[in-house]
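See structure below.
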Amino acid sequence: MMLVKKAGVAWTAAVIAVCCATGVGGLGLEPIAAAPTEQAAARSKAIVTINGGAVHWNGEPFVEKGATMVPLREAAVSLGGKVAWNQGSQTVSIALNGDVVTQRSGDSLIRINGVKLQMSGPSRTIKGSLMVPLRGLMEAMRASLNLSQTPAGLSIAIATDKSTQVNASAAAIDSYLQQNSFSGMALVAKDGKALLRKGYGLANDGKLNRPDGKTRIASITKSFTAASIMQLVEAGKLKLNDPISTVVTGIPGGERITIHMLLSHTSGLPSEFTRQDGVTLEQTIDEIRGKTLAFEPGTDYKYSNCGYVLLAYTIEKLSGMSYGDYVEKRLLNAAGMKQSGTATVATPTNQGYVLAKDGSWTKAPYYASQSGTGTLYSTVDDLLKWDGLLRSGKLLTEQSLQAMYTAHSAKGYGYGWIVKQAAEGKIVFHNGSGSGYSTGMSRNLDNGVTVILLSNHAGADTAMMMDKLQSMAAAAILQN
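If you're matching positions, the sequence shown starts at -8 in the working numbering and goes up one per residue.
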C-alpha cells in the first residue's frame, strides 16, 4: 500500500453543524438508477445505532456482499461532523476537530487530511443518499463498532471516539503537527493533564494511529536504563566512579571507564553494534570487547549505544534479573505502565515506515536493538506516567535526580537525559530513532509541560518539533 507523505488524523466529538447543500438528500446528489429486484435479492437489513440512540436515516442501512452500507451524511453528523458537498467535484467533506475527511462519490477511497484509506468498495448514490461502506467511514472517524446478530437483522452499535483530546489551547499545536506531516502518537500535557492526545497517520495497512497505540520508543529507553543504575547506586550495590572492569572484563579501557562515563557518553566507546534479532546481550558484550576507543575515557563526548549495553549488563549482574524483568518490576510497575515492556517481533506495535526513493512511505524491517539502548515499547499515556513518577520523587532521591538532570559534558548530556536551558525553563529530553521510528520525550522541569512524540516514520526531527511544541505550550498556558 502506498502512503501519502502527510499527517494523519484522529477524531473526537465536536460541534455538530451541517453545511446545507441543494439537491436530493441534502447533498446535491443525483440518484443513480439501479435494478431494484437484483438489489433487493442481494441485500439484508442492518440496524445501526450511534452513541446508543436510533438515527433518522434518509436511506436505510443494508448489508450487501458482506459490506454494511450507510448514508454518509447522517452517520457523520451523528458522530459530530460538519458535512459539506462540493457539486463540482462530487465530493463530500466532513470537518471534525480541525481535521477534514473527504470522499468522492463512486470512489472506494476515503481521505483523512490527504492520507488515503481503502474502503471495501465504492460509495454510490441510492435514492438521493450517498451510501458508503460503514467500516471505512468509521475508521476515518475513529469510531468504534460493536456487531451482533438479531432476529431482525445485523445490529451494529457505533460509538464516537472518546480517546482523542485536543483542548482549545492546543489547537495550534495540532495544526503544527499536521503541517509537519507528523505520523504517530502525540501527547502534550501540563502538570500531568493532557492538553493534546492524538494519533496521526497510518499505523499499518488501512488502520490509523490511535492515541493509545503501542509503539517502539527507541532511545527513550535510555532514561529507564539510567534510572535503574541510579537505583542500584542508592542501594549501595554500585558507585558512579566504579570502573566497568569490576562488572565485566575485557572491555577496552575498562579499568579507566567508570559507570559515570557510560551514563554520560564520555567513555570513548563507539556507538554501534550488530543489530539483528536474536543476538543475545552476552554476544553483544563479546563484540564490544573487540571495539577501539575513540578517545581517552573521560576526556570528550561521543554518543555510545555500546556504553548503555554495558549498563544493561551491569543491571543484570547486580540485580540477578534480566534487564527487561528489572525494568518491568522496578520501574514500569511502580509507574503503573501496563502497556509497556520489552519489544519482540510478536509485540503488537504499529508498523514503522521508511521513505522510499520514489517519495512513498514503505514498511521498514523489524527494528532490532539491544538491552539498555532501544528495546522498549510503550504508549504516550504510559510515558506520561513515567514522567509523573520521576517528578513525584518517589522513585529516586533528589540527589540522584539532580545527577541525571545535570549536563556532564559540553554536549549537555546528563544520565539518560539531554539537558538544556530554554526561555520557558529547564528542559530535559531525549530523542531516538530506529528502523521506521522517530521518537522524543521532552520535560520542562519548571513549568510542568511534557511533550511526547512517538512517530512511526523514520527521519522525523522530533528534537526540533519538541522545542517548538514546548514554546507553543508555554505561550498557550500564559494566554489562559
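Even for Gly, the Cβ is constructed at its ideal location relative to N, Cα and C.
Task: For S154, the first and last residue of its enclosing beta strand (DSSP E) - done: Here residue 154 corresponds to residue number 163 of the sequence shown, with the count starting at 1. No residue range can be given for S154, since it is assigned to no beta strand (DSSP E) and is classified by DSSP as neither H nor E.
Open item on the list: Helix, strand or coil for S255? Go by DSSP, reduced to three states.
Closed with: As a first step, residue 255 is located in the sequence shown; it is residue number 264 there, counting from the start. Correct three-state label for S255: helix.
Task: Straight-line Cα distance separating S146 from S35 - done: Numbered from 1 along the sequence shown, position 44 holds the residue referred to as residue 35. Numbered from 1 along the sequence shown, position 155 holds the residue referred to as residue 146. Roughly 11 Å separates the two Cα atoms.
Task: Straight-line Cα distance separating V440 from A177 - done: Along the sequence shown, one-based indexing puts residue 177 at 186. Along the sequence shown, one-based indexing puts residue 440 at 449. Approximately 13 Å, taken between the alpha carbons.
- [ ] May I ask you to report which of helix, strand or coil DSSP gives F215?
- [x] Stepping through the sequence shown from its first residue, residue 215 is reached at position 224. Correct three-state label for F215: helix.
Open item on the list: Can you check which of these residues, M395, A394, N438, L302, is closest to M463 by C-alpha distance?
Closed with: The residue given as residue 463 occupies position 472 in the sequence shown. Selected option, being the one with the closest Cα: N438.
- [ ] Report the rounded CA-to-CA distance for Q169 versus D268, giving the unit in angstroms.
- [x] Within the sequence shown, residue 169 is the residue found at index 178, counting from 1. Within the sequence shown, residue 268 is the residue found at index 277, counting from 1. Roughly 34 Å separates the two Cα atoms.
- [ ] Could you tell me which of S369, Q274, C297 sits nearest to I443, measuring between CA atoms?
- [x] By one-based count along the sequence shown, residue 443 stands at place 452. In this structure, S369 is the residue among S369, Q274, C297 with its C-alpha nearest to the C-alpha of I443.
- [ ] Examine the Cβ distances between the region 422 to 429 and the region 201 to 211 and report whether three or more of them are shorter than 8 Å.
- [x] yes
Task: Residue burial classification, Q222 (beta-carbon count within 10 angstroms, cutoff 16) - done: Looking up residue 222 in the sequence shown gives position 231. A buried status is given to Q222, since no fewer than 16 other beta-carbon atoms sit within 10 Å of its beta-carbon.
- [ ] Name the two residues that bound the continuous alpha helix (DSSP H) containing G379.
- [x] The sequence position of residue 379 within the sequence shown is 388, counting from 1. Looking at the DSSP string, the run of the alpha helix (DSSP H) that includes G379 is 371 to 383.
TODO: Measure the beta-carbon distance from G72 to M132 and round it to whole angstroms, keeping in mind my assumption that it falls under 8 Å.
DONE: Here residue 72 refers to the residue found at position 81 when the sequence shown is read from its first residue. Here residue 132 refers to the residue found at position 141 when the sequence shown is read from its first residue. Indeed they touch by this definition, with Cβ atoms about 7 Å apart.
Task: Where Q412 falls: helix, strand or coil (DSSP) - done: Within the sequence shown, the letter at position 421 stands for residue 412. Q412 falls in the strand class under three-state DSSP.
TODO: To the nearest angstrom, report how far apart E273 and S236 are at their CA atoms.
DONE: The sequence position of residue 273 within the sequence shown is 282, counting from 1. The sequence position of residue 236 within the sequence shown is 245, counting from 1. If I take the Cα positions, the gap works out to 15 Å.
Open item on the list: Using only the alpha-carbon positions, how far apart do K308 and L199 sit?
Closed with: Counting from one through the sequence shown, the residue named residue 308 turns up at place 317. Counting from one through the sequence shown, the residue named residue 199 turns up at place 208. Spanning the two alpha carbons is a distance of roughly 41 Å.
Open item on the list: Buried or exposed, going by whether 16 or more other CB atoms sit within 10 Å of the CB of T338?
Closed with: Residue 338 sits at position 347 when you count from the first residue of the sequence shown. Flag for T338 reads exposed.
Task: Spatial distance of M457 from V270 (CA atoms) - done: Here residue 457 refers to the residue found at position 466 of the sequence shown. Here residue 270 refers to the residue found at position 279 of the sequence shown. Looking at the two C-alpha atoms, the distance is approximately 33 Å.
Open item on the list: Measuring CB atoms only, is the region 60 to 74 touching the region 153 to 161, in the sense that at least three cross pairs come out at less than 8 Å?
Closed with: no
Task: Cβ-based burial, K213 [other Cβ within 10 Å; buried from 16] - done: Walking along the sequence shown from the start, residue 213 turns up at place 222. When all chains shown are included, K213 counts as buried.
Open item on the list: What does the alpha-carbon distance come out to for the pair M328 and L381?
Closed with: As a working note, residue 328 is residue 337 in the sequence shown. As a working note, residue 381 is residue 390 in the sequence shown. Their backbone Cα atoms lie some 13 Å apart in a straight line.
Open item on the list: Given a cut-off of 8 Å on the beta-carbon distance, is the pair V224 and L231 in contact?
Closed with: The sequence position of residue 224 within the sequence shown is 233, counting from 1. The sequence position of residue 231 within the sequence shown is 240, counting from 1. Yes, the pair counts as a contact, with Cβ atoms nearer than the cut-off.
Task: Nearest residue (CA-CA) to I41, options F53, I149, D233 - done: Walking along the sequence shown from the start, residue 41 turns up at place 50. The shortest C-alpha separation from I41 is found at I149.
Task: Residue of V106, G79, A67, M60 minimising C-alpha distance to G112 - done: Stepping through the sequence shown from its first residue, residue 112 is reached at position 121. It is M60.
TODO: Less than 8 Å between the CB atoms is what I'm expecting for L254 and L302, so what's the real figure, rounded?
DONE: Residue numbering aside, residue 254 sits at position 263 when the sequence shown is read from its first letter. Residue numbering aside, residue 302 sits at position 311 when the sequence shown is read from its first letter. L254 to L302, Cβ: 7 Å. Contact.
Open item on the list: Quick check on Q140: buried or exposed, where buried means 16 or more other Cβ atoms within 10 Å of its Cβ?
Closed with: Indexing the sequence shown from 1 puts residue 140 at position 149. With fewer than 16 Cβ atoms within 10 Å of its Cβ, Q140 is classed as exposed.
- [ ] For the alpha helix (DSSP H) containing S391, list its first residue and its last residue.
- [x] Reading the sequence shown from its first residue, position 400 is the one you call residue 391. 389 to 395 is the span of the alpha helix (DSSP H), which, as asked, contains S391.
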